[in-house]
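Chains as they are written, first to last, in full-length UniProt numbering: chain F, 1 to 199; chain V, 1 to 252.
A virtual CB, placed ideally from N, CA and C, is assigned to each residue, including glycine.
These numbers come from a predicted model, not from an experiment.
As structure tokens, the structure follows; a few thoughts come after it.
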């Protein structure tokens, strides 16, 4: 328990299912990005998985849309402390995309149009836990929320769900991404409150 | 977008006890809190801190606040805007008293920062309480005796909503190379040219820097404001990696 601040009571304690520690619910969908929102035309959009040997696996927008699509309803948790329940997405599972990829890598670095990067263990992209999502709440994913397509990895803090995702580089070593280099946690499990390095 | 600090890892952040030593009223709904934080490691202009409150029964709530000024020993300043129905900001504004403890940890954020070693022209564009980290940069410039040319374009609803109004007037007079311009969205002061309006291309073009000068641009405010301004800057020809943004949502 921390130091008590005299007179602080906080909101009434809720009987709702618990949120991760230190999070509060929002009905909005706040936006957090480090720079301007990239505008990516669909006719030149591509998604590339690069293995640790340099082999590349590419999909155009049409090829991505031709893959099996999944509908996902999940809670999302941002490191800036908002959580949002029951968000609706549609996209392609990373299990589908990784299916034909020959790799022995343990680490993944997602990279985006605009230059953003974020690192995850490859295992966290498997097991029906990660998607390339292109539809939010029944409509095309808006650019400020990462459209045309973003990574969706809802069991980690939302900065791991790279907006404007362009590809994933697989590697045998863990390479910190944009926020991780700035002091945010390498893994980012909201239930263990891994916000910053050392948490 | 380059990495914030090349490959460096930062030390783990620990919670520290902070006590209120002074409070200043900025507007009817915002106050600046001066906190003493023994052992504060220092910070860069633009960084923020997490503030954590603990109730008698152990319940905790934490929020992030931008630091309003450069590091001054163990003293830090936050400007807190009251969020209607918020959990933390009403406590900090109404109840939190001099000498009372809260916990803080930081500094956090290594991208939306200005370093006094930078010499490039700087454009700061703030909407509402988004001016807070930008004011930290204006103050850091002064504290370091920097000659980097600074322009601040500050969008507010009415003249009564301006944070740091007196100090900004003084700094424009005394800090060589600092310009400040306002955009009023609801109600303009007497003598201001034009009608109240939302920030647009003409404002950014008139009060910003030409892209040829390769200025560093910092944009902070509500999401819609930041999207608008960042898009305008890119449209005017600014390099995207020199446009740094921070979006403020209601965070209670």
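Three-state secondary structure (DSSP) at residue 49(V)? strand
Using a 10 Å radius around the Cβ and a threshold of 16 neighbouring Cβ atoms, would you call residue 110(V) buried or exposed? buried
Under a three-way DSSP split, which group does residue 271(V) fall into? Past the edges of chain V, shown from 1 to 252, lies residue 271(V), and the structure says nothing about it.
Is any beta-carbon of chain V found at less than 8 Å from that of residue 115(F)? yes
When the Cα atoms are used, what is the spatial distance from residue 139(V) to residue 132(F)? 43 Å
Considering only DSSP beta bridges, list what residue 18(V) is partnered with. 102(V)
Quick check on residue 191(F): buried or exposed, where buried means 16 or more other Cβ atoms within 10 Å of its Cβ? exposed
Out of 58(V), 40(V), 66(V) and 57(V), which one is the CA nearest neighbour of residue 48(V)? 66(V)
I want to see whether chain F comes within less than 8 Å of residue 98(V), judged by CB atoms only; does it? no
Just list the alpha helix (DSSP H) runs in the segment 88-132 of chain V, keeping only unbroken ones of 4 residues or longer that don't cross its boundaries, in chain order. none
Quick check on the burial criterion: 16 or more other C-beta atoms within 10 angstroms. Buried or exposed for residue 63(V)? buried
Based on the DSSP secondary-structure assignment, which residues constitute the bridge partners of residue 88(F)? 73(F)
Selected residue, minimal CA-CA separation from residue 10(F), among 225(V), 59(V), 20(V) and 39(V): 59(V)
Report all residues from its chain with a CB closer than 7 Å to the CB of residue 27(V); omit the five preceding and five following residues, and keep chain order. 160, 161 and 163
Can you pull the chain V neighbours of residue 144(F), defined as C-beta to C-beta under 8 Å? 223 and 227
Using a Cβ-Cβ distance cut-off of 8 Å, determine whether residue 251(V) contacts chain F. Annotation note: pLDDT 45 at residue 251(V) (below 50); position unreliable, coordinate value reported separately. By this cut-off, residue 251(V) is an interface position.
When Cβ atoms are compared, which residues of the segment 36-61 of chain V fall closer than 7 Å to chain F? 52, 53, 54, 55, 56, 58, 59, 60 and 61
Whole beta strand (DSSP E) elements within the UniProt domain "Oxidoreductase molybdopterin-binding" (35-179) of chain F, 3-residue minimum: 46-50, 56-60, 70-77, 82-93, 107-112, 117-121, 131-136, 150-152 and 165-171
Is the Cβ-Cβ distance between residue 113(V) and residue 44(V) less than 8 Å? yes
8 Å Cβ cutoff, residue 32(V) in contact with chain F: no
Does DSSP classify residue 84(V) as helix, strand or coil? coil
Proximity test, Cβ basis, 8 Å: residue 8(F) and chain V: yes
Counting only C-beta atoms, is residue 234(V) closer than 8 Å to chain F at any point? yes
Pair within 8 Å by beta-carbon distance, residue 198(V) and residue 206(V): no
What number of angstroms, rounded off, separates the C-alpha of residue 118(V) from the C-alpha of residue 215(V)? 10 Å
Residues of chain F with a CB under 8 Å from the CB of residue 15(V): which are they? 2
Under 8 Å between C-beta atoms, does residue 109(V) make it to chain C? Of the protein chains in the structure, F and V, none is chain C.
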